[in-house]
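Worksheet: the structure to be examined is printed underneath.
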Amino acid sequence: KRYALQGSRWRVKQLTYSITKYPSALKTADVDRELAKAFQVWEDVTELTFVHLKTGKVHIEIRFESGEHGDGDAFDGPGGTLAHAYFPIYGGDAHFDESETWTINSYKGTNLFQVAAHEFGHSLGLSHSDVRTALMAPFYRGYESSFKLDNDDVVAIQQLYGKKKNV
Amino acid sequence: APVSTDTQAMMYLARFGYLDPALQNPSSGALISGESVRRAIIDFQSFAGLKQTGILDPETSTWMSKPRCGVRDRVGTGYSARR
């Protein structure tokens, strides 16, 4: 195996999330749709389901932040670090660098869907993979018009949460 | 900014779990053995699928300069909860 598991996972199959701070350059509805698609990537291959809540307590909180944002792991402006996320044992939250040019279906900027799908892998308990073609590889590969999980990602997530019954 | 100096490379290696996080600020005068740095570079090169030279060659610098996720590659090496 090439993937790595961090060592923690969620004990429930239905996870909730909220987006408490949106990026200024994208429409709220577009962000909602892209992040839902990013969760769907993992939902497609496991028994997990994800529910977007606008308010209230959730499992995974998502925020777009710049520079130092209260967790001691400051973002570094455009390029460099794009986002980070916590493993389940640390809460599962995902933070995206607001300073990046987040884009949707474009070769320009940084593709929000792809980065979100990667970060949510961390939120679910996956570490980085040294398989270059894996979603969980740490480096941003640029926009891919037809996205597909690598087998390495699928095997890894199914180690934690099992296979989807109808796959 | 591209990772082009030894100090930048060491900070990168510490930041992403290839070097002891206690050495995260190499400019402060912390002593790091050359062998530790060489092994850390080899570990990074292995992870990134590069030729494992143990030297900060141009290809290694290029990969260290790529946009990436902020989560450590080596989570077992001093990884701490962020909150």
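First to last, the sequence lines map onto chains A and B. Our numbering numbers the first residue of the first sequence as 1 and each following residue consecutively. Our numbering numbers the first residue of the second sequence as 1001 and each following residue consecutively. Backbone N, C-alpha and C define an ideal beta-carbon position, used for all residues, glycine too.
Contact between the region 75-92 of chain A and the region 29-41 of chain A is absent, with fewer than three C-beta pairs closer than 8 Å. Comparing C-alpha distances from residue 71 of chain A to each of A:58, A:96, A:48 and A:59 shows the shortest one belongs to A:96.
Fewer than three Cβ pairs drawn from the region 50-66 of chain A and the region 137-148 of chain A lie within less than 8 Å of each other, which leaves the two stretches out of contact. Within chain B, the residues whose beta carbon sits less than 7 Å from that of residue 83 of chain A are 1069 and 1070, listed in sequence order. Separation of residue 53 of chain A and residue 136 of chain A (C-alpha to C-alpha, rounded to the nearest whole angstrom) is 26 Å. Straight through space, the alpha carbons of residue 101 of chain A and residue 91 of chain A are spaced by roughly 26 Å.
Annotation: residue 20 of chain A to residue 83 of chain A spans about 15 Å, alpha carbon to alpha carbon.
Of the candidates B:1051, B:1068 and B:1009, B:1009 places its Cα closest to the Cα of residue 1036 of chain B. Collapsing the DSSP output to three states places residue 37 of chain A in a helix. Distance from the CA atom of residue 24 of chain A to the CA atom of residue 99 of chain A, rounded to whole angstroms, is 10 Å. Secondary structure of residue 101 of chain A (DSSP, three-state): coil.
Inter-residue distance for residue 159 of chain A and residue 124 of chain A is about 11 Å (C-alpha atoms, whole angstroms).
Residue 47 of chain A places its beta carbon less than 7 Å from that of residue 162 of chain A.
For residue 158 of chain A, there is no enclosing beta strand (DSSP E); the enclosing alpha helix (DSSP H) covers residues 151-161. Taking CB atoms only, residue 1075 of chain B has a neighbour in chain A less than 7 Å away. Its Cα nearest to that of residue 1064 of chain B, the residue B:1045 stands out among B:1034, B:1071, B:1019 and B:1045. For residue 1058 of chain B, the number of other beta carbons within 10 angstroms of its own is below 16, and it is reported as exposed. Selection A:26, A:148 and A:127 evaluated against residue 9 of chain A yields A:127 as nearest (Cα-Cα). With a threshold of 7 Å between beta carbons, residue 6 of chain A makes contact with chain B. Exclusion of the five residues before and after residue 113 of chain A leaves 34, 37 and 38 as the residues of its chain whose Cβ lies within less than 6 Å of its Cβ.
Taking the C-beta atoms as reference points, residue 1017 of chain B is found nearer than 7 Å to residue 1074 of chain B. Distance from the Cα of residue 12 of chain A is smallest, within the candidate group A:18, A:51, A:6 and A:3, for A:51.
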